[in-house]
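When we follow the numbering used here, the leftmost residue of the sequence shown carries the number 40, and every step to the right adds one.
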Amino acid sequence: MAVSRFGVSLDEELLEALDKYVDDNAFANRSRAIRHLIEKNLVEEKWKCDNIVAGAVIIVFNHEKKDILKKSAEIQYEHKEFILSSQGFYLNELNYMEIIAVKGPSRKLTEISEQLISLKGIQHGKLVMSKAE
40 MAVSRFGVSL DEELLEALDK YVDDNAFANR SRAIRHLIEK NLVEEKWKCD NIVAGAVIIV
100 FNHEKKDILK KSAEIQYEHK EFILSSQGFY LNELNYMEII AVKGPSRKLT EISEQLISLK
160 GIQHGKLVMS KAE
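This is the structure in structure tokens:
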């Protein structure tokens, strides 16, 4: 893909914030960070339009609370047409992370992720989406 160059004028405070973002995220340069932010914004706009997207729901919880896995499986079964796969990992002696791959309309995936993340006992939960088409 051809690359086009252009100039950008930013006030000093915004430039400092951009440079911090570049450093914090280990981007090679400002151009890559700006490209990433633009692509991220475009994907988020697609979510609002309810386009078909793919992503992952990530939940972390104490594995001793067995009912969480059961409830997670029930929710996934209720929405099986949007669930691609799920995989679990023991992070340490207490914590378990489940990653659920999903694909479908962004609003539906958001709804599913909210059901999973709001389960009692979830320590951390996040939905990550990306364009699928």
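Ideal placement from N, C-alpha and C gives every residue a C-beta, glycine not left out.
Short check: CB of residue i to CB of residue j, under 9 angstroms?
i, j, result
"residue 155", "residue 138", "no"
"residue 169", "residue 90", "no"
"residue 59", "residue 107", "no"
"residue 118", "residue 77", "no"
"residue 73", "residue 57", "yes"
Is DSSP giving residue i helix, strand or coil here?
i, result
"residue 61", "helix"
"residue 170", "strand"
"residue 125", "strand"
"residue 159", "coil"
"residue 132", "coil"
"residue 41", "coil"
"residue 67", "coil"
Indicate, with yes or no, if the ligand SAH has a heavy atom lying under 8 angstroms from the CB of residue i.
i, result
"residue 108", "Among the components modelled here there is no ligand, and therefore nothing to report on the ligand SAH."
Excluding five sequence neighbours on each side, which residues of the same chain lie with their C-beta closer than 6 angstroms to the C-beta of residue i?
i, result
"residue 163", "99"
"residue 115", "122"
"residue 97", "138 and 165"
"residue 102", "135"
"residue 110", "158"
Check the Cβ-Cβ distances between residue i and every residue of chain D, and say whether any is below 9 angstroms.
i, result
"residue 141", "Checking the listed chains, one finds no chain D in this structure; it contains a single protein chain."
Below 7 angstroms CB to CB, which residues in the same chain sit around residue i once its five sequence neighbours on both sides are set aside?
i, result
"residue 148", "92, 94, 121, 141, 166 and 168"
"residue 104", "160"
"residue 171", "91, 92, 93 and 142"
Give me, in chain order, the residues of the same chain whose beta-carbon lies closer than 8 angstroms to that of residue i; leave out the 5 immediate sequence neighbours on both sides.
i, result
"residue 49", "57"
Would you call the segment 49–69 in contact with the segment 126–136, where contact means no fewer than 3 C-beta pairs closer than 8 angstroms? no
Entirely within the segment 90–122 and at least 3 residues each: give me those beta strand (DSSP E) ranges in chain order. 91–101
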